[in-house]
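Novice: In this text, residue positions in the sequence shown follow our numbering: the first is 417, and each later residue adds one.
A virtual CB, placed ideally from N, CA and C, is assigned to each residue, including glycine.
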Amino acid sequence: MKFGGLKFLEAAHVKDILAVLRWTQNPRDRLSGFRAIQLLPGLGPKTAGRILDNLQAAPPGCLLLAEQPVPDGARKAWLAFATLVETLRASTAWPAPIEQLAQWYEGELERLFDDAPVRQADIQQLARIAATYPSLERFLTELTLDPPDATSDESGTPLLDEDYLVLSTIHSAKGREWSAVSLLNTVDGCLPSDLATGSEREIEEEMRLLYVAMTRAKDHLDLLVPQRFYVTGQAATGDRHVYANRTRFIPSRLLGHFDQLSWPPAEPLTPAITPDPAARHNAIDLAARMRAMWE
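1. Give the single residue among Glu426, Asp701, Leu525, Arg707 whose Cα lies nearest to the Cα of Thr560.
2. Who are His657's beta bridge partners in DSSP?
3. Quick one: measure Cβ to Cβ for Ile453 and Ile467, integer angstroms, because I've assumed they're closer than 8 angstroms.
4. Is it buried or exposed for Leu455, if we count other Cβ within 10 angstroms and need 16 for buried?
5. Please give the ranges of any beta strand (DSSP E) in the stretch 614 to 643, keeping only runs that are unbroken, at least 3 residues long and fully inside the region.
6. What is the rounded straight-line gap between the Cα of Pro550 and the Cα of Arg664?
7. State yes or no: is the beta carbon of Glu558 nearer than 8 angstroms to at least one beta carbon in chain D?
8. Report the CB separation of Ser678 from Leu640 in whole angstroms; it is logged as a contact under 8 angstroms.
9. Would you identify the three-state DSSP class for Ser598, choosing helix, strand or coil?
10. Rounded to whole angstroms, what is the Cα-Cα separation between Val486 and Arg544?
11. Kindly indicate which three-state DSSP category Ala591 falls into: helix, strand or coil?
12. Out of curiosity, what's the CA-to-CA distance linking Trp520 and Ala473?
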């Protein structure tokens, strides 16, 4: 099983909804606008690029979407879409915009996808998630930082397996608990991240993340501290590495509260074997034999 990551956001229908929302929030977001415009039938990359060029060249608010040149066959759909986007941009009653967008997009699902009913459930779920946030900006930010874990699908044959592993980001683990938790890379550079040590506030936030991770365990907690990290860009058999330091959030004075184990266990020392003089006398001198072969 897997929690966290980008699996839900990789679904095409979810990307479509988010592209329209991001373009609604920021008309200068060319990447989102490029995807949103091509949702309409008869509008391809060239038309989308031309529309975005026109909008970027015009002063803000001086050029309406409905005025953009599109093929005659796509004119009706384009006018409806342009009206929708302008309405969403003018709306201040969140989450009404995503509800209106979801209603419009559900009408396009049958044309865009073969498995429309399954994807429709995702769109409805996305709208419900959005309703729990105070604004569009907050919704888009949180969805990017802590995305849902998976897309939905129709129920299949149940698989009952008592032996499984759950992989989770720390952000996605909030509010969850497991009997046993193993936290990977409890070292400086990971916790705290080397990209989040620019201020005291950032370091405190990283310390809170470690607290969240450790308190997900109900019975058993392992904090893994790798001894070394191997350097990239070397030969497959290379051994260049750097040593890792335990996270600063667990100083030496706290180690008494932990059981410290090393893996693999150190091999016991074996006493040196004293060579047998008789064996040395009977040993074969390979070097001498090789030289004799060439004499």
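Specialist: So, from the data block:
1. Glu426
2. Tyr646
3. 6 angstroms
4. The C-beta of Leu455 has 16 or more other C-beta atoms within 10 Å across all chains shown, which makes the residue buried.
5. Entirely contained in the stretch 614 to 643, the beta strand (DSSP E) runs reaching 3 residues are, in chain order, 633 to 639.
6. 36 angstroms
7. You won't find chain D in this structure, because it holds only one protein chain.
8. That belief does not hold up - the Cβ atoms of Ser678 and Leu640 are roughly 12 angstroms apart, past 8 angstroms.
9. strand
10. 34 angstroms
11. For the sequence presented, residue 591 should be read as Gly rather than Ala. It is coil, neither helix nor strand.
12. 29 angstroms
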